[in-house]
Structure formats: C-alpha cells, structure tokens
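Chains A and B, in that order, are what the protein sequence lines are.
FYI, the numbering used here numbers position 52 of the first sequence as 110, with every residue one higher than the one before it.
FYI, the numbering used here numbers position 35 of the second sequence as 89, with every residue one higher than the one before it.
Worksheet: the structure to be examined is printed underneath.
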Amino acid sequence: GAVVSQHPSWVICKSGTSVKIECRSLDFQATTMFWYRQFPKQSLMLMATSNEGSKATYEQGVEKDKFLINHASLTLSTLTVTSAHPEDSSFYICSASHAGGYEQYFGPGTRLTVT
Amino acid sequence: QKEVEQDPGPLSVPEGAIVSLNCTYSNSAFQYFMWYRQYSRKGPELLMYTYSSGNKEDGRFTAQVDKSSKYISLFIRDSQPSDSATYLCAMSGAAGNKLTFGGGTRVLVKP
Numbered sequence: 059g060a061v062v063s064q065h066p067s068w069v070i071c072k073s074g075t076s077v078k079i080e081c082r083s084l085d086f087q088a089t090t091m092f093w094y095r096q097f098p099k100q101s102l103m104l105m106a107t108s109n110e111g112s113k114a115t116y117e118q119g120v121e122k123d124k125f126l127i128n129h130a131s132l133t134l135s136t137l138t139v140t141s142a143h144p145e146d147s148s149f150y151i152c153s154a155s156h157a158g159g160y161e162q163y164f165g166p167g168t169r170l171t172v173t
Numbered sequence: 055q056k057e058v059e060q061d062p063g064p065l066s067v068p069e070g071a072i073v074s075l076n077c078t079y080s081n082s083a084f085q086y087f088m089w090y091r092q093y094s095r096k097g098p099e100l101l102m103y104t105y106s107s108g109n110k111e112d113g114r115f116t117a118q119v120d121k122s123s124k125y126i127s128l129f130i131r132d133s134q135p136s137d138s139a140t141y142l143c144a145m146s147g148a149a150g151n152k153l154t155f156g157g158g159t160r161v162l163v164k165p
C-alpha cells in the first residue's frame with residue numbers, strides 16, 4: 059500500500075513556457091504533500107509543503123510565483139513551473155503523508171529539462 | 055554548517071561485507087530518524103525508521119540512534135550488489151513534519 063505516482067515521468071519544454079507536474083496518492087488520503095527538487099548527485103531540497111485546501115508553505119529562497127503548488131484534493135497535488143528557464147532543469151519529487159503519520163511516501167520523480 | 059552531515063562516498067565494498075553508514079546532526083529537536091534508499095533516477099524508499107535513541111533491526115538492516123552524540127548509523131549485513139544505491143538519512147522534529155535530509159552516501163557493492 060501507500061503508493062504515490064507522478065506524471066509525467068519526464069518532460070522537455072522550451073524556455074519561457076510553463077509545465078505542470080501531478081502527484082497522486084493512489085491508495086490513501088494525503089493530508090500533506092511535499093515537493094522536493096534534486097540536482098544531479100545532490101540530496102533532496104524541500105521546496106514547499108502543502109496541506110489539502112490550504113496555501114502551500116514555501117521554503118526560504120523558493121519563488122512562490124514561479125513554482126505554483128495546488129493541493130485541491132486529498133489525492134492530488136500539482137506543481138506548475140511557470141516561465142521555465144534552463145536553470146530550472148532538475149529532478150522534481152513529491153511525497154505524501156496521511157494525518158498523524160510519520161512516514162513520507164515518495165513518488166518516482168519527474169525529470170524536467172528546459173531547452 | 056549543514057544541519058545534517060553525511061559523507062558522500064562513494065563507499066565500495068565486496069559482496070557479503072557489512073556496509074556502515076552514518077550521519078551527524080546539530081538540531082537537538084530532531085526526534086524522528088529515517089534511512090532512505092534511492093536508486094538512480096528513482097524516488098527514495100524508506101528502509102528504517104527510529105524514534106528517539108536506540109537500536110532497531112529489520113532483516114539485514116540495523117539502525118542506531120545516539121541522541122546524546124547527535125549521531126545515527128545504518129548497518130547493512132551480508133551486502134548484495136542490489137544494495138548498490140544512494141542512502142539518505144533524514145530526520146524531523148515531529149511526526150508529519152518536514153524532513154531534513156543528509157547529502158546521501160553512494161554505496162557500491164561489488165560481486
């Protein structure tokens with residue numbers, strides 16, 4: 059149980075365009091979802107925390123107007139990278155947890171390449 | 055100084071050897087300690103979870119937490135080539151709170 063999916067698994071977009079990444083909890087209700095970014099050979103860096111029905115809480119240094127997060131239901135959160143630039147190219151991973159749970163269940167990640 | 059320090063490796067061991075991994079941290083508020091395994095281009099998967107100080111064993115994996123020293127360890131016995139991956143320690147101050155990750159240690163188990 060506790061499966062999290064992400065779509066797409068990889069995406070290539072042109073500089074200046076926007077791209078949306080979906081994160082779904084398939085068999086549980088995710089009251090909290092987290093979005094991470096991971097550069098090659100580096101660890102996961104938390105971008106934001108979102109609770110269903112509330113505005114996301116962004117980590118220091120993350121532009122909330124550039125990385126739009128929506129957590130409209132207990133099974134779906136989306137991350138939209140607006141006006142993407144090559145430096146936004148990275149591996150984006152989401153995780154989800156249920157109410158009171160200590161464990162974060164991670165998705166398989168989405169590789170974004172901006173040309 | 056990072057909140058969580060982890061040797062990046064790579065750590066290369068022969069098959070069957072014991073793999074020893076560790077992390078140090080500076081935030082005394084951390085109470086939940088986890089170890090994740092991440093294969094290349096995949097999301098992390100939870101291996102071990104420990105609350106507060108103590109030891110925990112699960113199959114070939116043993117996790118140890120020493121809060122007085124702010125030091126945690128993961129041991130993998132009878133290592134297999136399939137254990138080759140990056141191992142990330144993570145910790146938080148409360149259940150459900152955001153995790154702070156170490157930088158990860160790349161492990162290579164040679165047949």
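Beta carbons: idealized from backbone N, C-alpha and C, even for Gly.
Is residue i buried or exposed, if buried means 16 or more other CB atoms sit within 10 Å of its CB?
| i | result |
| --- | --- |
| H143(A) | exposed |
| K152(B) | buried |
| A157(A) | exposed |
| Q96(A) | buried |
| Q64(A) | buried |
| S123(B) | exposed |
| W93(A) | buried |
Tell me whether residue i sits in a helix, a strand or coil according to DSSP, three-state version.
| i | result |
| --- | --- |
| E121(A) | coil |
| D61(B) | coil |
| S106(B) | coil |
| S133(B) | coil |
| D146(A) | helix |
| Y163(A) | strand |
| D112(B) | strand |
| F155(B) | strand |
Determine, using beta carbons only, whether residue i and residue j come nearer to each other than 8 Å.
| i | j | result |
| --- | --- | --- |
| S74(B) | S127(B) | yes |
| L101(B) | Y90(B) | yes |
| K164(B) | S66(B) | yes |
| T138(A) | L126(A) | yes |
| P64(B) | L162(B) | yes |
| E59(B) | G156(B) | yes |
| T47(A) | K78(A) | Residue 47(A) falls outside the range modelled here, since chain A spans only 59 to 173, and no answer is possible. |
Per DSSP, which one or two residues make a beta bridge with residue i?
| i | result |
| --- | --- |
| V7(B) | Within the shown structure, residues of chain B are numbered from 55 to 165, placing residue 7(B) beyond reach of any answer. |
| I79(A) | L137(A) |
| L142(B) | Y90(B) |
| M91(A) | S108(A), A154(A) |
| D120(B) | Y125(B) |
| L75(B) | L128(B) |
So residue i contacts chain B; which residues on that side make the cut at Cβ distance below 7 Å?
| i | result |
| --- | --- |
| F125(A) | The premise fails here: F125(A) is roughly 16 Å from chain B at the closest Cβ pair, so nothing lies under 7 Å. |
Going along chain A, which residues have a C-beta under 9 Å from residue i?
| i | result |
| --- | --- |
| Y86(B) | Y160 |
| L142(B) | S101, L102 |
What residues from chain B crowd round residue i, counting only those whose CB sits closer than 9 Å?
| i | result |
| --- | --- |
| F92(A) | K152, L153 |
Could you name the residues of chain A that residue i contacts, counting a contact when the two beta carbons are closer than 8 Å?
| i | result |
| --- | --- |
| K166(B) | Nothing about residue 166(B) can be reported from this structure: the residues present for chain B run from 55 to 165 only. |
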